[in-house]
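Quick note, the sequence shown lines up with residues -27 to -1, 1 to 448 if you use mature numbering (1 follows the signal peptide of the UniProt record, and there is no 0). The structure appears below as structure tokens.
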Amino acid sequence: MYKYRRLRTAGVLALSVALGGCMVACSSDGGSEPAPDGVDNAVTDTSEGVAATVNGTEIGEKAVTDYIADFRASASLEDDAAWAEWMTSNSYTPESVREDVIDYYANDILLRAAASEYGITVEQAEIDEELASVREQFDSDEAWQEALEASNFTEEEYKETVLEPNLLQEKLSEAVAAESGEGEGAAEGEGTGSSDEDLLAAAQEYEDLFDGARRSSHILFAAEDAEKAQEVLDQINAGEITFEEAATQYSTDTGSAEAGGDVGWDCFTTFVDEYQTALDGLEKDQVSGLVESEFGTHIIKCTDIYVVPEGGITDVSQLPEEFQEQLKSQAESAESSSFDTWFEEYRSKAEIVVNPMPEGLPYDIDMSAYETTAEGEEGALEDAAVDGENAATDAEAAEGEAAAGDEAAAGEAADAADANAEAAADAEAGAEAAAEEGAEAEAGAAEAAAETPEAPAAAEEGADAAAETGEAAAE
């Protein structure tokens, strides 16, 4: 269905989830120009000026302002600082917020104009039935009332601003599709794209995909729990526990565990290769061994296999229920896309005039101060990051210089040690040489003394010289 662009709230409200989301419309009274049936008089209240005109229907500035005020209240954005922060984080300005709200009201006016052209209305009984369906999604009336309050709705406002427009759009979508011949049963109100004939045609188109499709369940264990997985598999094979009970009790895939491990049909789900390969090798009701994948350890059970009947699919009833639901969903999606295209074209033909934004509107705050603050904080963070990087670089450089200095000092020490070692070796060699010379001198002196009576003095001088030479070498 065509989705009006609405303001993006900071959080998802429970009621919005249940119903698809919509902001409360204004409900104040006031006069306005003639408008399509169903357009709230508050929207056309021009007591505070005209925000825009859609095919002659005026959208009051008051309606836009009140809408934004309601939004700010429901999202706790009444404080200007919070409002500025929200706009900044969601890429809005006061001007673009106003444009969004005008766009929302313009689409509603055009939707109702188109419905009127097709003679479409929504009965109160239909709205009440839809309301009952929504309320069933809540555990109690108290929970329902809390959801309404959290979304800033009364029940009556909810019916008028959410349920009725949604039903109107559904009917219009069906009428448009019927007119274009997209759905055989649309003219009778059966909905478009989902009649048995359409579903059958789609099923026949997908016969090759459906044939041999397998439905499976699994029990998933963490990779490190393979031993536990084997124990559980042994219990299943021994009949001590059913596969479904084991899945509920042991599987870490909590989503499928609640359904006994069911993960659906492989023609609608893409499994990892290891899982699909193991599943392809199983017959109906057969259980695999342990299968390892990136997600952990699986135990897989093939719970069903669909085989296209001989001669092909000739009736929708031959399809499993899940196949029928999938085909219906695809048809509805195609219908929605078709309606979106139609509505965009319908809107493009409308005369929409948006007037300049008046000054002094309560939501039109000066963003510059908040943007400057945000930029300042961002700049401070960037500066801090740069300072941190520079400090890290300086520290790294200092560490490198220190390491280089230590290395140089170590080199100098090594050179000094080598020099000392060489000097010591030279001294030792000199001492040995001196000792040898001294010995030779003594021997020569003794020999000379023995041969010549005048030699003692010369011998003594030779000994002294040898001694001096040895001392010098030692030094």
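Glycine included, each C-beta is placed from N, C-alpha and C at the ideal position.
Identify which residue in the options has its Cα closest to the Cα of residue i.
i      : options                        : result
Cys275 : Ser266, Val236, Phe268         : Val236
Lys322 : Ala48, Asn80, Val280           : Asn80
Asp277 : Gln299, Glu294, Lys257         : Lys257
Gln177 : Gly285, Thr26, Phe312          : Gly285
Ala36  : Ser64, Ile75, Glu317           : Ile75
Thr38  : Met330, Thr134, Val107, Ser311 : Met330
Glu197 : Ala148, Thr270, Ala232, Met60  : Thr270
Gly333 : Thr227, Gly233, Glu21          : Glu21
Leu136 : Val107, Ala55, Trp117, Ser124  : Val107
Pro138 : Tyr78, Asp52, Asn63, Leu121    : Tyr78
Tyr223 : Glu294, Asp13, Ala199          : Ala199
Thr215 : Tyr179, Trp238, Gln259         : Gln259
Glu298 : Trp238, Glu133, Ile93          : Trp238
Ser306 : Phe268, Ser290, Asp184, Glu143 : Glu143
Asp43  : Asp313, Pro282, Thr127         : Thr127
Ala98  : Lys132, Phe268, Ala211, Phe296 : Lys132
Val281 : Met60, Ile41, Asp184           : Asp184
Glu34  : Thr19, Met60, Glu294           : Thr19
Glu283 : Ser302, Glu180, Phe268         : Glu180
Cβ atoms of residue j and residue i: under 9 Å apart, would you say?
i      : j      : result
Ser89  : Pro9   : yes
Asp288 : Leu173 : yes
Tyr343 : Pro67  : no
Ala202 : Ile272 : yes
Glu217 : Ser190 : yes
Ala15  : Val327 : no
Glu213 : Thr221 : no
Arg187 : Leu255 : yes
Leu193 : Ser229 : yes
Tyr279 : Leu83  : no
Gly234 : Asp226 : yes
Ala304 : Asp169 : no
Leu50  : Ala175 : no
Ala57  : Met340 : yes
Ala46  : Asn125 : yes
Phe111 : Ala123 : no
Tyr65  : Asp52  : no
Return yes when the C-beta of residue i is under 8 Å from any heavy atom of the ligand PLP, and no when it is not.
i     : result
Thr17 : Among the components of this structure there are no ligands whatsoever, and the ligand PLP is therefore not found.
Give me the Cβ distance between residue i and residue j, rounded to the nearest whole Å; I'm assuming they're in contact under 8 Å.
i     : j      : result
Ala87 : Leu182 : About 37 Å separates the two Cβ atoms, so there is no contact after all.
Val12 : Arg85  : 6 Å
Thr17 : Ile32  : 7 Å
Can you find a C-beta in chain C that's less than 9 Å from the C-beta of residue i?
i      : result
Gly269 : Among the protein chains of the structure shown there is no chain C, as only one such chain exists.
(request) Please determine if the region 263 to 275 and the region 197 to 209 are in contact, where contact requires at least 3 C-beta pairs separated by less than 8 Å. (result) yes
(request) Within the region 187 to 243, note down every full alpha helix (DSSP H) run reaching 4 residues or more, in order along the chain. (result) 199 to 210, 216 to 223, 227 to 230
(message) Below 8 Å, how does it come out for the region 233 to 247 and the region 146 to 153: are there three or more Cβ pairs, yes or no?
(response) no
(message) As an exercise, report each continuous beta strand (DSSP E) stretch of at least 3 residues that is fully enclosed by the region 39 to 113, in chain order.
(response) none
(message) Any contact between the region 102 to 119 and the region 16 to 30? By contact I mean 3 or more CB pairs, one from each, below 8 Å.
(response) no
(message) List, from N- to C-terminal side, the beta strand (DSSP E) runs of 3 residues or more that fit wholly inside the region 302 to 353.
(response) 325 to 327
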